[in-house]
Amino acid sequence: MTMKKMLNHYHQSLIILAIGLSLSALFFFIAKSQEQQSLEEMFRLQSDIQFQDITSSLTQLTGKVDAIHGFIRNKLVIEPGSHQHKQAPVEHNLFSNISFEDFLFLNTGSKDIDGWQTYAWFPRVTAEQIPALYNRAKSDSWTDYTVYPASTAATFPVYYIDTKDSARYPTGYDISSKMLFSDAIESAVTAAAIRLVIQINSTGEATVGLLRPLYKGGYPPRNRWLREKELLGFVYGEWRLDSVIAPALAKYQWNDRTISITAPDRQTATPLWNTAAQPVVEAAFIEKRPFMFAGSELFVEFRAGSAFIANHSSLYALRVLGIGIIITLLLVYYLFLQVSRQKSIEREVRLQISAYRRVFTKLESLLENFKGGIAFEDANHQIVLTNNCIYDLLALDDSESLIDQSRDQWLQTLTAVSSELSPLLSAIDQESGVNGLTVKTHDGKYLEVDFIPIHRGGRHEGNIWILRDVTEKELMHQQFEHAQRLEGMGVLAGGIAHDFNNILTAIIGNTALIERKQKKGLAIGEYIERINSASDKAANLCRQMLAYSGRGKFVVQNLNLAQQVKEITDFLRVSLPKSIMIEVDLDTENLVFQADATQIRRLF
């Protein structure tokens, strides 16, 4: 593989890698967008469920809150501004023996230079003292102060005064003037349909203001009638808002978001309530829902960030990206495999070409040094390869090319050289081989022709023609045959002399018998017949000698084997001694064959 091809393959790999990574990134962003939409839809649906549960948990108790307010107003009258607690005309005269001034005290908080919070305790604070304490707190730079009942110090505030917003609360409002209500958790204070009351104060701190019943014994009696009889009054307590909303969220394990409750005038400040100590800073999803509660408009805000995405992400986009990268790498790897395979194939091809070149060089050298003419014919019967010697054998000019000649053209070329090609043409038609066919050309030369079909795997792939000049060999062969013939004639002379001796003996013997029989006046025709037969055999023997010497000829005819044996046997009986008897036993008398009768008689 050339350097240019290798660079092209590497460029293709880089292009495939770039396209694959681009498509993977595109599919990743598409999948990421779909996943983002899916997460937004999931967050919205979950927020709907939580919002419904939270608002339902708060608003279901509106009726109960109204009942609580009605019940409280029948037993205790609170006048905001004067902060005087008056006894209501109610049954059991609940407040006849109690004074709120007996159990009030004050907790104030201020900040020193180092930012630390300090506290001061003033027991037995009366309601009339609250405005004066407010002014003092304001002049002394107190941030706020809270009034608690003495029996439950630092737990249940009665008043909460914020000095930071004096324009809105000039005298420190009774905390009950801005109440919101919900269900309670504590089952121990369920006497007379009294429940915990939610207070979300304007400072933004999430607290629960509750009306806590006070009993003579400190604890509520088990008997309901006794609880109402021993009820002395109510004090306000403080509780966190999440203790009321938490039951609505307890059935969910959604800790991957922040839920906040805010008021319209406190949207930019600390929320009235939230599920986290610190609000979520990173928020990928935000849902804000308004709702009305106890005559006030509030907002529930849901925020979710990386934790929500980590918990609910299906990693679909990353899987798509990973699959795309894997497919791209597989394609690049496949391309490298193909390049390696192509390099290996090209290396093999180069080795084979080199081997073929060596073979072709040897073949070319062999063809040119071969003492004869060679022509290769393909499966389509066209001449595809020859050597130079074949042009000399066929007496062709350099301008007469044999390449691409068809079978008919090639046979015409051969026929123009010699007319003794009938056996070769028959073998060609049958696609059978011809080995060592010697033909005489028109100019007196002798050519030996070989026709070799090439078969591989049962399929005919072509033929090889081999022509050799055997004129010298043929002449030497003829001379050798002549010498052998002369030698054979010498050997034959002895045999022929023996045969002639037998024939003459038969003739002489039969002649003597004729003379003897003639003197006695007996018939001599049989003996004359034998003499004629012997004379014929002598004539045949002469013809055979002439044929062997090349001057006579053989007469091939149909002969009866039994008849030939009988004639030879009669001839031998005359020439053999009387002590020798000849018996002939032939199985078949109709066996006919073709031969020269004289040559057959010479066998005996």
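In this note's numbering, each residue carries its 1-based index in the sequence shown increased by 765. A virtual CB, placed ideally from N, CA and C, is assigned to each residue, including glycine.
Apart from sequence neighbours up to five positions away, the residues of its chain that approach Asp-1234 with a beta-carbon distance below 7 Å are Leu-1158, Lys-1210 and Leu-1212, ordered along the chain.
DSSP, reduced to helix, strand and coil, places His-1225 within a strand of the structure shown. Taking Asn-1076 as reference, the option from Cys-1307, Asn-1297, Phe-1101 and Leu-804 with the minimal CA-CA separation is Leu-804. Secondary structure note for Thr-1178: it is in no beta strand (DSSP E), and the uninterrupted alpha helix (DSSP H) holding it is 1172-1180. A check of alpha carbon separations from Asn-1152 across Phe-1056, Glu-1129 and Arg-1221 identifies Glu-1129 as the nearest. Distance from the CA of Ile-784 to the CA of Phe-794, rounded to the nearest whole angstrom, comes to 15 Å. Distance check between Asn-1145 and each of Leu-1094, Asp-1169 and Thr-1023 places Asp-1169 closest, using alpha-carbon atoms only. Counting along the chain, Phe-1073 sits inside the alpha helix (DSSP H) bounded by residues 1071-1077. Contact annotation, Ile-1024 with Leu-1063: C-beta distance approximately 12 Å; criterion of less than 8 Å not satisfied. 8 Å or more divides the Cβ of Asn-1228 from the Cβ of Asp-1215. Contact between Leu-1150 and Phe-1141 is confirmed by a C-beta separation of about 4 Å, below the 8 Å threshold.
Met-1057 sits in a strand when the DSSP states are folded into three classes. Assignment of beta-bridge partners to Asp-1234 by DSSP yields Leu-1212. If you draw a 10 Å sphere on the C-beta of Ser-821, you find fewer than 16 other C-beta atoms in it, and that means exposed. For Leu-1356, DSSP records no beta bridge to any residue. Using a Cβ-Cβ distance cut-off of 8 Å, the segment 1293-1306 and the segment 1264-1274 are in contact, since at least three pairs of beta carbons, one from each stretch, lie closer than that value.
Short of 7 Å from the beta carbon of Leu-1351, and not among the five residues preceding or following it, lie these beta carbons of its own chain, in chain order: Ala-1327 and Val-1330.
In the DSSP assignment, Leu-1158 falls within the alpha helix (DSSP H) that extends over 1154-1158. A residue is called buried when at least 16 other Cβ atoms come within 10 angstroms of its Cβ; Gly-1198 does not meet this threshold and is exposed. Between Thr-1093 and Gly-1070, the alpha-carbon positions lie close to 33 Å from each other.
Here Ile-1118 is exposed. Its C-beta has fewer than 16 other C-beta atoms within 10 Å.
In this model, Gln-1244 and Glu-1252 are separated by some 12 Å (Cα to Cα). Counting other Cβ atoms within 10 Å of its Cβ, Val-1065 reaches 16 or more and is therefore classed as buried. For Thr-1236, the closest C-alpha among the options Gln-802, Phe-1265, Val-1204 and Asp-1264 is that of Val-1204. Within the same chain, Cβ atoms closer than 7 Å to the Cβ of Leu-1179 are found at Leu-1186, the five residues on either side in sequence being excluded. Assignment of Phe-1064 by DSSP, reduced to helix, strand and coil, places it in the strand class. Taken through DSSP and simplified to helix, strand or coil, Ala-1288 comes out as coil. In this structure, Ser-812 lies near Phe-1067, with their beta-carbon atoms less than 8 Å apart. If you compare the alpha carbons of Asp-1173, Ser-1171 and Asp-1208 with that of Ser-1183, the shortest gap goes to Asp-1208. Secondary structure of Asp-1143 (DSSP, three-state): strand. Nearest neighbour of Glu-1291 by Cα position, chosen from Ala-1304, Thr-1276, Leu-1356 and Arg-1054, turns out to be Thr-1276. Within its own chain, the residues whose Cβ lies closer than 6 Å to the Cβ of Arg-1054, once the five positions on either side in sequence are excluded, are Phe-816 and Val-1065, listed in chain order.
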